[in-house]
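What follows is one structure encoded as structure tokens, with my remarks underneath.
There are 2 protein chains.
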Amino acid sequence: MGMTIRDIAREAGVSTATVSRALRGLPNVDPVTREKVRQVAERLDYVVSPAASRLASGRAGSIAVITPYIARWYFARVLSGIEGVLQASDLDLLLSSIGDPQEVGHVPPHRKLRRRVDGFLVISLPTETEGVSEIFDLEQPVVLIDTDHDGCSSIGIDDIAGARMAVQHLINLGHERIGLISGRPRPTPFRPEDNRYAGYRDALQDAGLPVLTDLEACGHFTIEGGERAMTTILARPNPPTAVFAMSDEMAFGALRSLRAHGLEPGRDVSVVGFDGHEMSEHLDLTTVVQPVEEIGARAARMLINAVDDPNRETKHDVLPLDMVVRGSTALRRR
Amino acid sequence: MGMTIRDIAREAGVSTATVSRALRGLPNVDPVTREKVRQVAERLDYVVSPAASRLASGRAGSIAVITPYIARWYFARVLSGIEGVLQASDLDLLLSSIGDPQEVGHVPPHRKLRRRVDGFLVISLPTETEGVSEIFDLEQPVVLIDTDHDGCSSIGIDDIAGARMAVQHLINLGHERIGLISGRPRPTPFRPEDNRYAGYRDALQDAGLPVLTDLEACGHFTIEGGERAMTTILARPNPPTAVFAMSDEMAFGALRSLRAHGLEPGRDVSVVGFDGHEMSEHLDLTTVVQPVEEIGARAARMLINAVDDPNRETKHDVLPLDMVVRGSTALRRR
DNA sequence: CGCGTTGCTGCAAGCGTTTACGCCCACAGA
DNA sequence: TCTGTGGGCGTAAACGCTTGCAGCAACGCG
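The listed protein sequences correspond, in order, to chains A and B. Take the first sequence: its position 58, counting from 1, is numbered 58 in the working numbering, and each next residue is one higher. Take the second sequence: its position 45, counting from 1, is numbered 45 in the working numbering, and each next residue is one higher.
The structure is reproduced here in structure tokens:
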């Protein structure tokens, strides 16, 4: 309990400096001494006081993950990937959802986390977000997921290509009126949304098809939202024979809406989603699969590198996508 | 940046002790002085060094959440509830999945987190788990979710009653052969599993129905597992007309299996799940709803209280359950 | 008027590490 | 033998706070 480095030093017959060096694996320690110190520490069940260590060394020993949501599928999985990597490192993972700026007592994360972490991992948040933009002024390593910014490493997928792939698939099946279930009304500060829209639009244009805004509706990335969006779209005059949903969860809602209208996904209206949610397999949804945990894991590794070596150059990883074709998409019936 | 409490003290014309007291809202500070110090700190954009503060005060200023999974629905939501409460407190949230003890380099959390946190929040882990049991020896506050232990506060639901409610519902619908999709083979060290089993069994027995082990199968709490379990059960001679699944995710798999066998959930075989997963609404699944985020939030509040006042007596909250009846359950056809 | 309170503040001793610096010694080269 | 070199180690000064203790007015009361 009240065990300090001095106790170990005394017990091992060396100075505290040597204990510190030995335990941290620094050079300039006789292997014999090091081993002895290690054994004493082990025997007495000693662990360094992180507070003291951090104060003396100036390193915070932790990194913060800033995320808009924790419970949502995508975020939970990214977080899981991050944690897996950090677990094996000597950095603590501080979790901070950015919360609702409206709420009383809301403290923007950059203020709360000042001097507390060695780096930031930001999931899917626009760089202009209040509380995020200020992070860049902190002069600490930042890794951005799903967006990018000058001087920060970043990681993500090629949303344009992904959306293109999805829409091209529908075009290949003979569809010409292809609807869109997007997240929020454009333009949004969210990179993936804008890019998925661009991919959707480009694919249509490349195929010489018109981009019809009355085939679009917002689903807010939720199941209910997707359901409402699909319902809205179906109510339009001359509805589409296929839709691309920017997320699987919205696609799930769309499937439900279709069934509620007596339409069979695939046979009557094709639906393709985006994410690779486990549930998509069970709902027989065609979807663009992104390697979500891998995104988190890589981001964590990048940040660890940046923390260890602050002037390492920044990287910008783009991970490959995959499309899984299932029953929710089929040849257009004539 | 290199701003210390001394700079604030000098600028405000007081001692560092007064700055410390003023900023932390301790009594015995003249309101005028306090306000002045606050303003200086604000103006200079000063935040205390957590490392120094922790070293001096002996408080770690954080709590650890120990969980077996991060990405799974239940755990992600509990975590979200925890984070929501902690956000508003002055405690950091250290996330630590317990990881796979098999893996190389695996460090059991109790060792890694020694001296690093003021308390532990353990989600759904048996108290005998390696790395969890040792936490109790640390003499720090612990709050257990989904199980309990001497001297710890705990929170959870009444799994027995929940399972009973589910099965009773099936019995009321006229079902007499009621199958079970459980998690792992019994006995497990996981409290909720055992209790849900007990509730299942009790409900049957109370109704004078036999408990037939060949109507049971394990689904390992995954969709795929649930699907396999249902398939197994259907293959038995004289299959059940209804099943109770210990989690919604397994129930989703069961629904899928039924459809794959040309059976219509509700009409041919009734299915009831457990959890209140959002998706259950969309799959029209009858389920026992537990207040998952609330569980996390309450657990966090309990822990904060325990940290603030170590000899506060322990509490054991049991949160109420609710059942939502949907299309997956219906009167038994004769 | 003396004395105990009470409210506010400052002094200074920690808290348990890390690390710059310097010492000592063994060893090699001259 | 002398000197330079470098590995191994110890000394002690930070690191930036918190807090026990004491001091000092101002005040009320007998």
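Where is the CB? At the ideal position from N, CA and C, for every residue including glycine.
- Straight across, the Cα-Cα distance linking S257/A with M230/A is about 6 Å.
- In the structure shown, T222/A adopts coil according to DSSP, grouped into three states.
- Taking C-alpha positions only, D202/B is separated from R164/B by approximately 7 Å.
- Using a Cβ distance threshold of 8 Å, L234/B and L255/B do not count as a contacting pair.
- When D308/A, I295/A and L303/A are compared, the shortest CA-CA separation from S124/A is found for I295/A.
- If you ignore the 5 residues before and after M323/A, its C-beta comes within less than 6 Å of the C-beta of M165 and V288, all in its own chain and listed in chain order.
- Contacts with chain B (Cβ-Cβ distance below 7 Å) from the region 280–291 of chain A involve H282, listed in chain order.
- Here DSSP, grouped into helix, strand and coil, assigns P265/B to strand.
- In terms of Cα proximity to R267/B, the closest of I157/B, S133/B and G327/B is G327/B.
- The three-state secondary structure of G151/A, taken from DSSP, is coil.
- When C-alpha distances from L303/A are compared across L23/A, I5/A, L55/A and I63/A, the shortest belongs to I63/A.
- Fewer than three pairs of CB atoms, one per stretch, sit closer than 8 Å, so the region 16–29 of chain B makes no contact with the region 185–201 of chain A.
- Taking C-beta atoms under 8 Å as the contact rule, G119/A and Q87/A fail to qualify, at a distance of about 16 Å.
- Between R298/A and I155/A a beta carbon distance of about 5 Å is seen, short of the 8 Å cut, so the two are scored as contacting.
- Take the alpha-carbon of V78/B and the one of V48/A: they are about 31 Å apart.
- Shown here for L113/B: same chain residues with a beta carbon closer than 6 Å to its own, the five before and five after excluded, namely A64 in chain order.
- Contact of R267/B with chain A is not assigned, every C-beta pair being separated by 8 Å or more.
- Excluding five sequence positions before and after I82/A, the CB atoms of its chain that fall closer than 8 Å to its own CB belong to V65, L93, L121, G296, A297, A299 and A300, given in chain order.
- Inside the region 23–84 of chain A, DSSP marks whole alpha helix (DSSP H) runs of 4 or more residues at positions 31–43 and 50–57, from first to last along the chain.
- Leaving aside the five residues that flank A12/B on each side, the residues in its chain whose CB is nearer than 6 Å to its CB run, in chain order, K36, V37 and V40.
- Under the three-state reduction of DSSP output, A229/A falls in the helix class.
- Here F120/B carries a strand assignment [DSSP, helix/strand/coil].
- In the structure shown, the three-state DSSP call for H110/B is helix.
- Between G199/B and G225/B, the CB-CB gap reaches or exceeds 8 Å.
- For S328/B, the secondary structure class from DSSP, reduced to helix, strand or coil, is coil.
- In this structure, D159/B is the residue among S270/B, G262/B and D159/B with its C-alpha nearest to the C-alpha of P291/B.
- Among the residues facing chain B, P237/A is not included, as its CB has no counterpart in that chain under 8 Å away.
- Under the criterion of beta carbons closer than 8 Å, R116/A and P50/B qualify as touching, at roughly 5 Å.
- Taking the beta carbon of S80/A as reference, the chain B residues within 7 Å of it are I70 and A71, listed in sequence order.
- Assigned with DSSP and collapsed to three states, I98/B falls in coil, not helix or strand.
- For V85/B against A306/B, the beta-carbon gap comes to about 13 Å, at or over 8 Å, which does not count as contact.
- Sorting H149/A, T67/A, P108/A and A60/A by C-alpha distance to the C-alpha of T314/A places H149/A at the top.
- Shown in chain order are the members of the region 291–306 of chain A whose Cβ falls below 8 Å from a Cβ of chain B: E293.
- DSSP places I178/B inside the beta strand (DSSP E), whose first and last residues are I178 to S182.
- For L144/B, the uninterrupted beta strand (DSSP E) segment begins and ends at V142 to I145.
- By a beta-carbon distance limit of 8 Å, L170/B contacts S270/B. Their separation comes to about 6 Å.
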